[in-house]
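Participant: Each residue of the sequence shown is one higher than the one before, starting from 1 at the first, in UniProt numbering.
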Amino acid sequence: MSNHISNLSRTQIKQIILDGFVQVNESLVKPSSILEGSDIITYSIPQQDSVEDKLEPEDLNLNILYEDDHIVAINKPSGLLVHPGAGQPNGTLANGLRNHFNKLSDYNGLMRPGIVHRLDKDTSGVILVAKDNSTHSALATQFEKREIMKEYFGITWGNWDQEEGEIIDNIKRKRTDPTSYQINNNGREAITFFKVIKSGVYTSE
1 MSNHISNLSR TQIKQIILDG FVQVNESLVK PSSILEGSDI ITYSIPQQDS
51 VEDKLEPEDL NLNILYEDDH IVAINKPSGL LVHPGAGQPN GTLANGLRNH
101 FNKLSDYNGL MRPGIVHRLD KDTSGVILVA KDNSTHSALA TQFEKREIMK
151 EYFGITWGNW DQEEGEIIDN IKRKRTDPTS YQINNNGREA ITFFKVIKSG
201 VYTSE
């Protein structure tokens, strides 16, 4: 992007990516994301003095599971976006965080106060929020090194041959649906441990 946007430095471009103003195939990305030849990049450049104003504080009912001087654990409900994106500047967890807390980490930019990781809009679960940049950096490193275990409950179609086990394969974002991933030899290795809790016949009734 720095080759096409001459009026911004690499640092400034990284910041607008972190703040959610850049999308690849209609999905938010990280500055370290690797592009492919067919990827479509869309972006908008915010006014320098208006970035913080775009994140309006909102009085949301935050379900706080744990809090200390450095970290907050919040139970995010299904249907709630973690941070603003294209077409939805408010009504997100980030808006609620800005209203509820006086000071949070700005490690990932002003549009994502304290947010260490993400969950999809329709996924409920625990979100970790850092109150300072030092804590944020430490948690981000643990996520990157896979030292933090993430556990999900999900519904799958069909019967499993095993009651529990592990799946090791490479996954990559789908070209036809940027919100989904599929097994791809050129993707990143993913390790999933699974256990069948309950199985039965699916019905629409």
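Don't be surprised by glycine CBs; every beta carbon is placed ideally from N, CA and C. Quick caveat, the model's predicted, so the values are computed rather than measured.
Buried or exposed for residue 98, please, with buried defined as at least 16 other CB atoms from any protein chain shown within 10 angstroms of its CB.
Facilitator: Per the 10 Å Cβ criterion, buried.
Participant: Which residues in the same chain as residue 186 place their Cβ atom closer than 8 Å to its Cβ, once the five residues preceding and following it in sequence are excluded?
Facilitator: Within the same chain, residue 186 has close Cβ partners 170 and 172.
Participant: Just reading off the beta strand (DSSP E) that residue 183 is part of, what are its end residues?
Facilitator: Here the beta strand (DSSP E) through residue 183 covers 181 to 183.
Participant: Report, in whole angstroms, the separation of the C-beta atoms of residue 33 and residue 77, which I expect to be a contact under 8 Å.
Facilitator: Actually they do not touch by this definition, with Cβ atoms about 28 Å apart.
Participant: In the DSSP assignment, the alpha helix (DSSP H) including residue 41 goes from what residue to what residue?
Facilitator: Element bounds for residue 41: not the alpha helix (DSSP H) but the beta strand (DSSP E), 41 to 43.
Participant: Can you check which of these residues, 129, 175 and 13, is closest to residue 37 by C-alpha distance?
Facilitator: Among 129, 175 and 13, the Cα nearest to that of residue 37 is on 175.
Participant: What are the complete beta strand (DSSP E) segments, minimum 3 residues, inside the UniProt domain "Pseudouridine synthase RsuA/RluA-like" (70 to 200)?
Facilitator: List check, beta strand (DSSP E) in window: 71 to 76, 125 to 130, 164 to 173, 181 to 183 and 188 to 195.
Participant: Can you tell me which of the three DSSP states residue 64 falls into?
Facilitator: If DSSP states are grouped into helix, strand and coil, residue 64 belongs with the strands.
Participant: If you draw a straight line from the C-alpha of residue 143 to the C-alpha of residue 16, how long is it?
Facilitator: When rounded, the distance between both Cα atoms is 22 Å.
Participant: Spatial neighbours of residue 73 within its chain, please: C-beta separation below 8 Å, excluding the five flanking residues on both sides.
Facilitator: Taken in chain order, the residues that qualify are 64, 65, 66, 67, 126, 127, 128 and 129.
Participant: Taking 8 Å as the threshold (C-beta atoms), are residue 106 and residue 113 in contact?
Facilitator: Their beta carbons are under 8 Å apart, which means residue 113 touches residue 106 by this criterion.
Participant: Specify the secondary structure class of residue 28 as computed by DSSP and reduced to three states.
Facilitator: Residue state, collapsed to three classes: strand.
Participant: Use the C-beta contact count for residue 79: other C-beta atoms within 10 angstroms, 16 or more gives buried, fewer gives exposed.
Facilitator: Counting Cβ neighbours within 10 Å, residue 79 comes out exposed, since fewer than 16 surround it.
Participant: Could you give the distance in angstroms between the alpha-carbon of residue 23 and the alpha-carbon of residue 87?
Facilitator: Taking the straight line from one Cα to the other gives about 12 Å.
Participant: Let me make sure I understand the geometry here. Which of 136, 182 and 197 has the alpha-carbon closest to that of residue 165?
Facilitator: Looking at the Cα atoms, 197 is the closest of the given residues.
Participant: Taking the straight line between their C-alpha atoms, what separation do you get for residue 201 and residue 161?
Facilitator: If you take the alpha carbons of residue 201 and residue 161, they lie about 16 Å apart.
Participant: For residue 39, I'd like the list of residues in its chain whose CB is within less than 7 Å of its CB, leaving aside the five on either flank, ordered along the chain.
Facilitator: Here the set comprises 24 and 25.
Participant: If you follow the alpha helix (DSSP H) that residue 16 is in, where does it begin and where does it stop?
Facilitator: Looking at the DSSP string, the run of the alpha helix (DSSP H) that includes residue 16 is 10 to 18.
Participant: On a CA-only basis, which of 91, 30 and 41 is nearest residue 59? Give me that one, please.
Facilitator: Ranking 91, 30 and 41 by Cα distance to residue 59 puts 91 first.
Participant: If you draw a straight line from the alpha carbon of residue 111 to that of residue 151, how long is it in whole angstroms?
Facilitator: Each residue's alpha carbon lies about 27 Å from the other.
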